[in-house]
Amino acid sequence: MSIFVDENTKVVVQGLTGGQGRFHGLRNRAYGTKVVAGTSPNKAGTDVEGIPVYASVAEAVDATGADASFVVVPPPAACAAILEAAEAGVSFIVCITEGIPAQDEALTFNRLRTEFPGTRLLGPNCPGIISPGKTNIGITSGDIALAGGPVGIVSRSGTLTYQALHELSQQGVGQTTCVGIGGDPVPGTNFIDCLEAFEDDPDTLAVMLIGEIGGSEEERAAAFIAEHMTKPVVSYVAGVTAPPGRKMGHAGAIISGSQGTAQAKMEALSEAGVSVALNPTEAGEMMVEIVRGLG
Amino acid sequence: MDLFEYQGKQYFARFGIPTSAGGVADTVDEALAAAEAAGYPVVVKAQVKVGGRGKAGGVKLAANADEVREHAGNILGMDIKGHTVHRVWVEHASDIAKEYYASFTLDRPAKLHLGMLSAEGGVEIEEVAVTNPEAIARLHVNPIEGLDLATATKWVAEANLDPEAREQAAALLVQLYTCYVEGDCDLAEINPLILTTDGEVKALDAKVTLDENASFRHPEWEDYAATDTEDPREKMAKERGLNYIGLEGSVGIIANGAGLAMSTLDVVNQVGGSAANFLDIGGGANADVMAAALEVINADPAVRAIFVNIFGGITRVDEVANGVVAALERVEIRSPIVLRLDGTNAIEGRAILAPHLSERLVAEATMLEAARRVVALAGN
């Protein structure tokens, strides 16, 4: 099984007629994803290599039964696009847009939480989600993933998501689903959402969690793992040797109670029983070991 | 992007938040003129983006022109924790009765705005947070609802601000929230927020961090960007729109994505090298961006080898490869380059580079092998 999406997920690409939308929308379709529609306010009625383009998400949903959306529009328009998809009844929205103002993200997330509780947003500023062999929604290069499980991947960093997939696939270890949650201040889906789903997915037998410095999401994930996870977890936190980042006045330190360092995160994860690696290659090796041990 | 105190106060003023009259000065003469305009006594304050100015001697009270001359002369050019003071802010001195603390920022786990207000403001606020957390009244604000005066009025009472300060403070907090939201701040902090002996409430300091993602709707921010950095390498990178942080080592790093860039530093350090920089060329970087990145790294005399670590997603490896080739044609790269290319269009990218490979331009199959190679080439 996979989490959040599967081979039956029908995707509408918002921004399909733009350069990035076209490139990645077509790549997703070539991978096997059911890309059933695109939207563009002024190119409705046309098509992109056979994918029909509609004026709005609502029209696309009516015509095709799309239940997921892939938002590939520039930052000033991205939040409106997310809300448009939610209003049209789409239940899973992937937004890869990088550079959305934090104030817009905070407002949009709270509107989704209040008005559309049944809709899950992944991102913004994330690589998307891939369930190898079934569907790929986003900008991940499908050829680096390997179908068949048993590992679930969740990552806060885009390119390290690819690195994690690559390290496992190279060793012949497959993935059930790989979720890039993105590193923006207000992610629609967080580590805990994914850990919970992986814990419940019978085909996922182990989880790889890729974090990075800043914030306290990894510490919160560690607390969840200690409390609720029965499946083994391997983790790598990027920025072990990074220079200390800018400190956000006093408020940052007062809120988090820590400086969000890699060291603090690694300790929290380690105390929760997670195998903590020092670099992505080591994380891959640790996971291969665990998977082989599962028989 | 952090603002200097004077920029933060000017930003506050646009939203009606009261501050003291004052002016900026880059020379002693300008400081004197600013002091005359503000009216004695004045405070001369070093403008640096680092805490602890007062303890370092960067904030001085001056009763007259002679004292302004003396203090401005001492403070201009002073080094505060590695930051040279190029500018001072001179403002009319306030008679302080009470020091409070107020701020708005994002509470990431709650995904709500968080206001913090305390009657025990001043330099020890972080200590207060640890030893006496109840002294900070926290208020979550849902961005859908915003902050109204009635809520702010309850909040100032809850924080135990002095009764004579409450009405003004409540109004100021609504203005500060508006500044934080409409002004696209990651942080809007006043420490101290003061009550003067004549019963006035105002911002004695300003700490503002702007969200650079919102710069498309704030053309006025360009003035701030120009004063943001001192490292010449960082300046050069900024002019080219690159996300660069200068470090002390000898291996130049270029990667796509902050996570991979940080991870590249980790791996280079773990195999015995030291990174000269952090450089994230971002998502969707094209040939021009790659060429600009190589030029910036090339301009750093400490760099002895360059590691280009690309895992394509939205970034296409063939574009990156074209950028490397273009850069090699445009400028003479002093240091050998080690490439590691994977992901979207990696096969096409490797094919573009194949005819250019040499002792000076090496390709490795994995991140770890590439790190070992580049560290060896840098002579660590």
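Chains C and P, in that order, give the protein sequences.
Numbered per our numbering, the first sequence spans residues 44 to 338.
Numbered per our numbering, the second sequence spans residues 120 to 499.
Don't be surprised by glycine CBs; every beta carbon is placed ideally from N, CA and C.
Computed from a predicted structure; not experimentally measured.
Residue nearest to Val91 (chain C) in terms of C-alpha spacing, selected from C:Val114, C:Gly61, C:Thr284 and C:Ala111
C:Gly61
Would Phe131 (chain P) and Ala325 (chain P) be called neighbours here (beta carbons separated by less than 7 Å)?
yes
For the 8 Å Cβ check, are there 3 or more pairs between the segment 158-165 of chain C and the segment 252-261 of chain C?
no
Taking the continuous alpha helix (DSSP H) assigned at Leu312 (chain C), which residues delimit it?
Ala305 to Glu314
Is the beta carbon of Asn332 (chain P) sitting closer than 7 Å to the one on Gly81 (chain C)?
no
With distance defined between alpha-carbon atoms, name the residue in P:Met235, P:Arg206, P:Pro351 and P:Glu448 nearest to Val275 (chain P).
P:Met235
Below 6 Å, is the gap between the Cβ of Ala307 (chain C) and the nearest heavy atom of the ligand HEM?
What this structure holds is no ligand at all, so the ligand HEM is not there to describe.
When the Cα atoms are used, what is the spatial distance from Ser313 (chain C) to Ala305 (chain C)?
12 Å
For the candidate residues C:Ile139, C:Ala281 and C:Ala315, whose alpha-carbon lies nearest to that of Ala326 (chain C)?
C:Ala281
Per-residue DSSP class, three states only, for Lys290 (chain C):
With a pLDDT of 45 at Lys290 (chain C), under the threshold of 50, the modelled position of that residue is not reliable, and the figure given next carries that caveat. DSSP places Lys290 (chain C) in the coil class of the three-state scheme, outside both helix and strand.
Does the distance from the C-beta atom of Leu379 (chain P) to that of Leu203 (chain C) stay below 7 Å?
yes
Can you find the residues in the same chain that come closer than 6 Å, C-beta to C-beta, to Arg72 (chain C), ignoring five residues on each side of it along the sequence?
Val78
State the DSSP-derived secondary structure class of Pro95 (chain C), mapped to helix, strand or coil.
strand
Per DSSP, Arg163 (chain C) is paired with what?
C:Phe135
Give the residues from the segment 188-210 of chain P that approach chain C closer than 9 Å (Cβ to any Cβ), ordered along the chain.
none
Give the range of the alpha helix (DSSP H) segment to which Gln214 (chain C) is assigned.
Unbroken run through Gln214 (chain C): none, as it is neither H nor E.
I want to see whether chain P comes within less than 7 Å of Asn153 (chain C), judged by CB atoms only; does it?
yes
Span separating the alpha-carbon of Tyr363 (chain P) from that of Gln287 (chain P):
42 Å
Counting only the same chain and skipping the five closest in sequence on each side, list residues whose C-beta sits under 7 Å from that of Val319 (chain C).
Ser278, Met309, Leu312 and Ser313
Could you list the residues in the segment 262-276 of chain C with a C-beta less than 9 Å from some C-beta on chain P, going in chain order?
Only those residues of the segment 262-276 of chain C whose C-beta falls short of 9 Å from the nearest C-beta of chain P are listed: Arg263.
At the level of alpha carbons, what is the spacing between Glu448 (chain P) and Gly365 (chain P)?
25 Å
At a CB-CB cut-off below 9 Å, which residues of chain P make contact with Ser112 (chain C)?
Those within 9 Å of Ser112 (chain C) in chain P number zero; the least Cβ separation is about 17 Å.
Jot down the residue ranges of each uninterrupted alpha helix (DSSP H) in the segment 336-389 of chain P, minimum 4 residues, whole runs only, in chain order.
341-345, 351-358 and 377-389
Same chain only: Cβ atoms within 7 Å of Asn441 (chain P), ignoring 5 sequence neighbours per side
Ala406 and Ile471
Is there a C-beta anywhere in chain P that falls below 7 Å from the one on Gln57 (chain C)?
So no, Gln57 (chain C) is outside the interface.
Beta-carbon neighbours of Gly318 (chain P), restricted to chain C and to distances below 7 Å
Those within 7 Å of Gly318 (chain P) in chain C number zero; the least Cβ separation is about 26 Å.
Give the residues of chain C in contact with Val386 (chain P), contact being defined as C-beta atoms less than 7 Å apart.
Contact note: Val386 (chain P) reaches chain C through Asn322, using a C-beta cutoff of 7 Å and chain order.
Measuring CA to CA, which of P:Lys164, P:Glu243, P:Asp303 and P:Leu268 is closest to Ile194 (chain P)?
P:Lys164
Specify the secondary structure class of Met486 (chain P) as computed by DSSP and reduced to three states.
Three-state result, Met486 (chain P): helix.
Considering only C-alpha positions, which residue in the set P:Leu329, P:Arg336 and P:Arg352 is nearest to Ile344 (chain P)?
Per the sequence shown, residue 344 (chain P) should be read as Ala rather than Ile. Residue P:Leu329 is the option with its Cα nearest to Ala344 (chain P).
Below 8 Å on C-beta distance, what does Glu32 (chain C) contact in chain P?
The requested residue 32 (chain C) is not part of the displayed model; chain C covers only 44 to 338.
So, for Leu180 (chain P): in the same chain, excluding its five sequence neighbours on each side, which residues have a beta-carbon less than 7 Å away from its beta-carbon?
Cβ within range, chain order: Pro160, Val162 and Ala212.
Endpoints, beta strand (DSSP E) assigned at Arg285 (chain P):
Counting along the chain, Arg285 (chain P) falls outside any beta strand (DSSP E), though it belongs to the alpha helix (DSSP H) covering Pro282 to Glu301.
Check each residue of the segment 321-352 of chain P: if its Cβ is closer than 8 Å to any Cβ of chain C, include it; give the result in chain order.
Going along the segment 321-352 of chain P in chain order, one finds Lys326, Thr328, Asp330, Asn332, Ala333, Phe335 and Arg336 with a Cβ nearer than 8 Å to chain C.
Residue closest to Ala446 (chain P), alpha-carbon to alpha-carbon, out of P:Gly432, P:Asn279, P:Val415 and P:Lys200:
It is P:Val415 whose Cα lies nearest to the Cα of Ala446 (chain P).
Who are the near neighbours of Glu438 (chain P) in its chain, counting only those whose CB is closer than 6 Å to its CB and skipping five residues on each side?
The beta carbon of Glu438 (chain P) is closer than 6 Å to those of Asn405 and Ala406 in its chain, skipping five residues each way along the sequence.
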